[in-house]
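Peer 1: Starting off with a structure, shown below.
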Amino acid sequence: MRHPVSLLLCTVCLAFTVPLVLPPASGSLTALAQTTPEDRIAEADRLLELGNQQYRVSQWQEALQSYQAALDIYRNLGVREAFPQESRAGEAITLNSIGAVNDLLGNYPQALEYYEQSLALSQELGDRAGEAATLGNIGIVNDLLGNYPQALEYYEQSLAIKRELGDRAGEAITLNNIGSANRSLGNYPQALEYYEQSLAIKRELGDRAGEAATLGNIGIVNDLLGNYPQALEYYEQSLAIKRELGDRAGEAITLNNIGIINYLLGNYPQALQYYEQSLALSRELGDRAGEAITLGNIGIINYLLGNYPQALEDYEQSLALSQELSDRAGEAITLNNIGIINYLLGNYPQALGYYEQSLAIKRELGDRAGEANTLANIGYLLEVQEQPELAIVFFKQAVNRYETIRETNRALVEELQESYTATIEDHYRRLADLLLQQDRILEAQQVLDLLKVQELDDYLREVRGEGDQLVILRPEQEILARYDALQQTAIQLGQERAQLQRKLTEAGTLTAAEEQRLDQLIDLQAELNAQFEAFFQSDEIETLVAQLSPRILEQTVLLENLVALQDDLAQLNAVLLYPLILDDRLELVLITPDAPPIRRVVPVGKNELNQGISEFLQALRDPTSDATVPAQQLHQWLIAPLEEELRQANIQTIIYAPDGVLRYIPLAALHDGEQWLTQRYRVNNITARSLTELTSQPTANPRVLAGAFADDTIRYVVPVDGQPEEFGGLPFTRQEVENLATTLPNTVPFFDNDFSLRSMQRQMGSANILHLATHAAFVQGTPEDSFILFGNGDRAVLKCPEGSVQGADLLQCINTWSLSNIDLVVLSACQTGVGELGNGAEILGLGYQFQDRGANAVLASLWKVSDGGTQTLMDAFYVALQQPGISKTEALRLAQVALITGNFEVLGVDQRSATGIRQRIQQDLPAETANHLNHPYYWAPFILIGNGL
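The numbers in the working numbering rise by one with no breaks, and the one at position 82 of the sequence shown is 128.
In structure tokens form, the structure reads like this:
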């Protein structure tokens, strides 16, 4: 059974610092029976101090009782008349303290109400210290409610007053809280900066409690940045201090956070131990919100350990608490997770019921990412129940929700930040898989295109794709319309039920009519769940599903798009090849100029495919090896299943949109047992069909801007994939650029120190080919670390790091260049896929980033190439490119064939010129290179990405 990708609750509890404002020095402890104003105000001061003591040891309910009693006395008319200033000041402090307890108990509206009353009094009294403290506390409530910009405004007002007063302790508190707001906004560097400032002041003042809180917050940021060992170190420092101080509430929070780190590190038994310790403390302290969070986290661990009944019990307890606390977001997440457990236990009707309830709340809250995840989970459920057509409907809706999120660049809820990429990829691939199984090939191809754009977005961020939505067919639209009508009813019932439950929680009672209505709502929701269960088996839905059969759809689906695509392919004499890597097989999608789309299934699992690719790459990168054996295996998987269709299409070009690890291998280097693929076909890689203009024509009369880093006495140290690496000049690049200038006289060359970023920028507007003969590296996961190195030591990174907005920085970021006049960018000494194989997103990103800046195509290498071998290939490429009617793709193919066969006349030159090229090779290159240029190590690494004309 395929497990769904779930939205799991993994909440990090923020350790905000809630400043507790102490009252003026209290009078003597007096008996309650004394009634003079002096006695009463002294008693109020005593009660306030008692509340403070109870607050410090996490006795929340007791503290509330003490504060409320003090507040009643401060507001007493006789006390107010006798001590107007003191009573008003005491009232402001007590209101603030009551707000703080409600804040800690999760009663945010009440907390805000008390804080605002306290603020008004402090401002009326001119109490700047009290005003600052309460402004900070109002900021905290806004922070906890997700109103982060408003929170920052209150914090900054508070900080200004505290600095004006020289209140170092208060300054430290507010710096900490500004850090937390920035963390919530995803501004992690700023958050760390504020936390570090706060920590320094707290240590200077000896504020151990504040130190513990800020250490915990620094741990949270490291957690979110994936620095789990560092996060664990900070949490453990924080825990030690909290235990030393007897801070039981803080201890519970930190134990939960240490549990989360162990969960993220895969240490599930240890995570469970920490969660259970946190749960015991939350229950002891009466912290119901903390209890609900930790129960959910314990449920996750039991889920991951396969203890489904126990996980179900944990989730049900968490759900009850979420409903009691009117935590709609937590309720939705937990309902979804209960649905997953029922799915895994085979209780499909129950699973559907929980998914439906979760989906209704997520739609009510506008949680689009959560809605998408639950829609996908319904898709998995329908698939396992052998209803693939309906599963496709829900997967399409899920993907369209994710596409909307991507298009608007809206931040995900915190729970999804860690798992977003994997969740997206699984849903897209599952939908493509189902569509292919139904022979709905054009729809599958559209999903594959969206998947590539999504991978680009994950790698580069803010990728400007077309923001396409998947086509929802008419029968699918009708199914969704009927389903949405039921959902709307569920949302209305859920909202009304939640309002009544909230009143019951806050007031402790309902009127008889309200109790009757709540019972009715519970019954109505049960009836609605039954309607949902019957929905998919109803006659009208089955009639609509019948209209989704491949036989009916093939006449109507996406025909307009297919005709336009086939027209382009006919102009190019090309086919479009989309592979899809699945766990148990490889799917091949082929679109030809004049036939229906073709699908072929290759029975090779992901692990076997990865092994084949690794062996192929090892052989390609060793010029002494025999690369034909692994090359034939890859040919058997990728080309042989389509051999007859390729022959019948009588085409010359394969436009290739590789998936995952297939991006690391050059298709041109596959071998059929007799010859290399490049000897039969041109190969043109694309990032995605929707991001590539295939038929725009290049500018006539190439004008080249070329730079070479050739002086091997010059050395630069550059970090690559986190490790320093030394780069020296490449001597053959001088000859490469000089030969280029001879072949294409309209070339402007730069060498070594003259080959700077600024000098190239000045000339870019007058060229249509940009040739960079220098080191470049394109690194997995970190486009900010991917770079091109210039001869004077300048570096241009693939993408600007966050916060790089100054003019000098902009020149060093490829994603700010203007290349609209550039037909081709050539990177003749780069490497991609540094380290272990990933998903090839860095290669996608390389092609996309240059295309996005206006360039039509990029020619780049997949591994470090022989300096001399590259010079020879580049020489041959440009010789071929200057011939009339030769496209970029064909020039690359001819250059490769020339090196394979040693016949340079294929480049379109006469015999004398070809002989001259061969003589130059023998003269310029070492014999071990010159005699082995037919090995794919020398000719295969270069791929052309984008428009091949």
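Note that beta-carbon positions come from the ideal geometry of N, C-alpha and C, so glycine has one too.
#1: Can you list, in chain order, the residues of its chain with a C-beta nearer than 7 Å to that of glutamate 464? Leave out the 5 residues immediately preceding and following it.
#2: Going by C-alpha to C-alpha distance, which of Ala255, Tyr234 and Leu519 sits closest to leucine 271?
#3: What is the rounded straight-line gap between the Cα of alanine 944 and the Cα of glutamine 968?
#4: Does aspartate 668 pass the burial test, meaning 16 or more other C-beta atoms within 10 Å, or should it be called exposed?
#5: Consult DSSP for glutamate 772 and reduce its assignment to one of helix, strand or coil.
#6: Might you give, ordered along the chain, the residues of its own chain that have their beta carbon closer than 6 Å to the beta carbon of leucine 622, omitting 5 neighbours on each side?
#7: In terms of residues, what are the limits of the alpha helix (DSSP H) holding arginine 334?
#8: Any chance the CB of tyrosine 505 is under 6 Å from a heavy atom of the ligand ADP?
#9: Using only the alpha-carbon positions, how far apart do asparagine 302 and asparagine 885 sit?
#10: For aspartate 530, I'd like the list of residues in its chain whose CB is within less than 7 Å of its CB, leaving aside the five on either flank, ordered along the chain.
#11: Anyone know if the C-beta pair for alanine 819 and isoleucine 834 falls short of 7 Å?
#12: Whole angstroms are fine: how far does the CA of glycine 376 sit from the CA of aspartate 360?
#13: Could you tell me the boundaries of the beta strand (DSSP E) in which glutamate 633 lies?
#14: For the candidate residues Glu410, Tyr389, Gly392 and Asn393, whose alpha-carbon lies nearest to that of alanine 378?
#15: Assuming leucine 997 and alanine 338 form a contact by the criterion Cβ under 8 Å, report the distance between their Cβ atoms to the nearest whole angstrom.
#16: Distance, Cα to Cα, glutamate 282 vs glycine 312?
#17: Does the distance from the CB of tyrosine 314 to the CB of leucine 350 come in under 7 Å?
#18: Return the Cβ separation of arginine 735 and aspartate 970 in integer angstroms, given the expectation that the two are a contact with Cβ distance under 8 Å.
#19: By DSSP's criteria, serine 907 is part of a beta bridge. Which residues make up the other side?
#20: In three-state terms, what does DSSP make of proline 972?
#21: Could you check the C-alpha separation between threonine 555 and leucine 371 for me, to the nearest Å?
#22: Let me know the alpha helix (DSSP H) ranges lying completely inside the segment 149-195, each 4 residues or longer, listed in chain order.
#23: Consider the Cβ of glutamine 617: report whether some Cβ of chain B lies at a distance smaller than 7 Å.
#24: With a threshold of 16 other CB atoms inside 10 Å of the CB of arginine 520, please say whether the residue is buried or exposed.
#25: Do you know offhand how far glutamine 243's Cα is from serine 226's?
#26: Where in the segment 700-787 do unbroken runs of the beta strand (DSSP E), each at least 3 residues long, occur, reported from the N-terminal end onward?
#27: Taking one C-beta from the segment 194-201 and one from the segment 153-169 each time, how about it: are there three or more such pairs within less than 8 Å?
#28: Going by C-alpha to C-alpha distance, which of Leu692, Gly658, Ile224 and Ala558 sits closest to glycine 185?
#29: Return yes when the Cβ of arginine 447 is within less than 7 Å of the Cβ of glutamate 417, no when it is not.
#30: Any contact of the segment 974-986 with the segment 709-722, i.e. 3+ C-beta pairs under 8 Å?
#31: With DSSP run on the structure shown, which of helix, strand or coil describes isoleucine 627?
#32: How should phenylalanine 988 be labelled, buried or exposed, when 16 other C-beta atoms within 10 angstroms of its C-beta is the threshold for buried?
#33: Just checking, does the segment 422-442 make contact with the segment 475-484 on the three C-beta pairs under 8 Å criterion?
#34: Where does phenylalanine 896 fall in DSSP's three states?
#35: How many Å lie between aspartate 1009 and asparagine 142 at the Cα?
#36: Looking at C-alpha atoms only, which residue of Asn308, Ala258 and Ile307 is the closest neighbour of glutamate 297?
Peer 2: In terms of the structure at hand:
#1: Numbered from 1 along the sequence shown, position 418 holds the residue referred to as residue 464. Caution applies to glutamate 464, whose pLDDT of 39 falls short of 50 and renders its modelled position unreliable; the value that the coordinates give is listed next. Excluding sequence neighbours, glutamate 464 sits near nothing in its chain.
#2: The residue you call residue 271 lines up with position 225 of the sequence shown. Minimum Cα distance to leucine 271 is reached at Tyr234.
#3: For the purposes of this step, residue 944 is taken as the residue at position 898 of the sequence shown. For the purposes of this step, residue 968 is taken as the residue at position 922 of the sequence shown. Spanning the two alpha carbons is a distance of roughly 15 Å.
#4: Here residue 668 refers to the residue found at position 622 of the sequence shown. Using a 10 angstroms sphere on the CB of aspartate 668, the tally of other CB atoms stays under 16, which defines it as exposed.
#5: Position 726 of the sequence shown, counted from the first residue, corresponds to residue 772. In the structure shown, glutamate 772 sits in a strand (DSSP, three-state: E or B).
#6: In the sequence shown, residue 622 corresponds to position 576, counting from 1. Ile637 and Ile701, listed in sequence order.
#7: The sequence position of residue 334 within the sequence shown is 288, counting from 1. First-last of the alpha helix (DSSP H) with arginine 334: 334-350.
#8: For the structure depicted, the ligand ADP is absent and the ligand set is empty, with no information on it obtainable.
#9: Here residue 302 refers to the residue found at position 256 of the sequence shown. Here residue 885 refers to the residue found at position 839 of the sequence shown. Each residue's Cα considered, the two are about 33 Å apart.
#10: Your numbering for residue 530 matches position 484 in the sequence shown. Taken in chain order, the list of residues that qualify is empty.
#11: Here residue 819 refers to the residue found at position 773 of the sequence shown. Here residue 834 refers to the residue found at position 788 of the sequence shown. Contact flag unset, no.
#12: Translated into the one-based positions of the sequence shown, residue 360 becomes position 314. Translated into the one-based positions of the sequence shown, residue 376 becomes position 330. Cα to Cα, the separation comes out at about 14 Å.
#13: The sequence position of residue 633 within the sequence shown is 587, counting from 1. According to the DSSP assignment, glutamate 633 belongs to the beta strand (DSSP E) that extends over 632-637.
#14: Locating residue 378 in the sequence shown gives position 332, where the first residue counts as 1. Comparing Cα-Cα distances from alanine 378 to each of Glu410, Tyr389, Gly392 and Asn393, the minimum goes to Glu410.
#15: Outside the shown range of the chain, which is 47 to 995, sits residue 997, and nothing can be said about it.
#16: Taking the sequence shown and counting its residues from 1, the one referred to as residue 282 is at position 236. Taking the sequence shown and counting its residues from 1, the one referred to as residue 312 is at position 266. Answer to the nearest angstrom: the Cα atoms are 18 Å apart.
#17: One-based indexing of the sequence shown puts residue 314 at position 268. One-based indexing of the sequence shown puts residue 350 at position 304. For tyrosine 314 and leucine 350, yes; Cβs fall inside 7 Å.
#18: The residue labelled residue 735 in the question sits at position 689 within the sequence shown. The residue labelled residue 970 in the question sits at position 924 within the sequence shown. That belief does not hold up - the Cβ atoms of arginine 735 and aspartate 970 are roughly 41 Å apart, past 8 Å.
#19: Within the sequence shown, residue 907 is the residue found at index 861, counting from 1. Assignment of beta-bridge partners to serine 907 by DSSP yields Phe988.
#20: On the sequence shown, residue 972 is found 926 positions in, with the first residue counted as 1. Proline 972 falls in the coil class under three-state DSSP.
#21: Numbered from 1 along the sequence shown, position 509 holds the residue referred to as residue 555. Numbered from 1 along the sequence shown, position 325 holds the residue referred to as residue 371. Distance between the alpha carbons of threonine 555 and leucine 371: 15 Å.
#22: 154-171 and 174-190
#23: The chain labelled as chain B is not found in the depicted structure, where only one protein chain is given.
#24: The residue you call residue 520 lines up with position 474 of the sequence shown. Result: exposed.
#25: Translated into the one-based positions of the sequence shown, residue 243 becomes position 197. Translated into the one-based positions of the sequence shown, residue 226 becomes position 180. Those two C-alpha atoms are separated by around 13 Å.
#26: 728-731, 750-754, 761-766 and 769-774
#27: Judged by Cβ distances under 8 Å, the segment 194-201 makes no contact with the segment 153-169, as fewer than three pairs qualify.
#28: Residue mapping note: residue 185 aligns to position 139 of the sequence shown, counting from 1. Measuring from the Cα of glycine 185, the nearest candidate turns out to be Ile224.
#29: Numbered from its first residue, the sequence shown carries residue 417 at position 371. Numbered from its first residue, the sequence shown carries residue 447 at position 401. Yes, these two residues count as a Cβ contact at 7 Å.
#30: Under the Cβ criterion (8 Å, minimum of three pairs), the segment 974-986 counts as touching the segment 709-722.
#31: The residue given as residue 627 occupies position 581 in the sequence shown. Isoleucine 627 falls in the strand class under three-state DSSP.
#32: As a first step, residue 988 must be located in the sequence shown, where it is residue number 942. By the 10 Å Cβ count, phenylalanine 988 comes out buried.
#33: yes
#34: One-based indexing of the sequence shown puts residue 896 at position 850. In the structure shown, phenylalanine 896 sits in a helix (DSSP, three-state: H, G or I).
#35: Residue 1009 lies beyond the range of the chain shown here (47 to 995); nothing can be said about it.
#36: For this step, residue 297 is matched to residue 251 along the sequence shown. Of the candidates Asn308, Ala258 and Ile307, the one whose C-alpha sits nearest the C-alpha of glutamate 297 is Ala258.
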